[in-house]
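First comes the structure, then the notes that go with it.
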Amino acid sequence: MKPSTTAERLQEAMNIRGLKQVDVLRLAEPYCRAYGVNLGKTALTQYVSGKIVPRQDKLTILGLALDVSEVWLMGYDVPMERKTAPIPMEEDERSKEFVELFNQLSTEQKKAVLYVMKGFLEKQ
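The sequence shown begins at 833 in my numbering and counts up one residue at a time.
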């Protein structure tokens, strides 16, 4: 049996962080874009009120936006903190762009890029 409901946990996370629903939607926006999930004002209101329980994809987005464990958000007696910190969306997008561009290089160009990167790291 779960000690809390998802609605209660959403309220608790929002209260701890001093967030309103509009803030949660703003925080969720980059994750929604990245993962192709739509999270609207009406849906969030229904989740917070307990009228509807969010599907797994929405729980994931809410967990990322609030930086809490999805299992905790579901109401189970587990730590609130995420086990892994989410990668900031800007950093994740840059990484994807780097990989895409790197894969377009020839073998010799890839070697040159790696050589330069290692040089930068040695100077740190």
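A virtual CB, placed ideally from N, CA and C, is assigned to each residue, including glycine.
Looking at the DSSP output, V880 sits in no beta bridge, so it has no partner there. For G872, the number of other beta carbons within 10 angstroms of its own is below 16, and it is reported as exposed. About 4 Å separates the CB atoms of L859 and A897; that is less than 8 Å, so the two are in contact.
Note that the C-beta distance between G907 and R841 is below 9 Å. For V900, the secondary structure class from DSSP, reduced to helix, strand or coil, is strand.
Separation of the CB atoms of V880 and A839 is rounded to 6 Å, and the pair is thereby assigned contact status at 8 Å.
Counting other Cβ atoms within 10 Å of its Cβ, P886 reaches 16 or more and is therefore classed as buried.
Pairing I884 with Y867 gives a Cβ-Cβ distance that is not under 9 Å. By the neighbour-count criterion, in which 16 or more other beta carbons inside 10 Å mark a residue as buried, A845 falls on the buried side. C-alpha of L857 to C-alpha of K915: approximately 22 Å in a straight line. Looking at D889, L953, P835, the one whose alpha-carbon comes closest to that of Y863 is D889. Distances from the CA of T837 to each of V854, W904, F930 were compared; the closest alpha carbon is that of W904.
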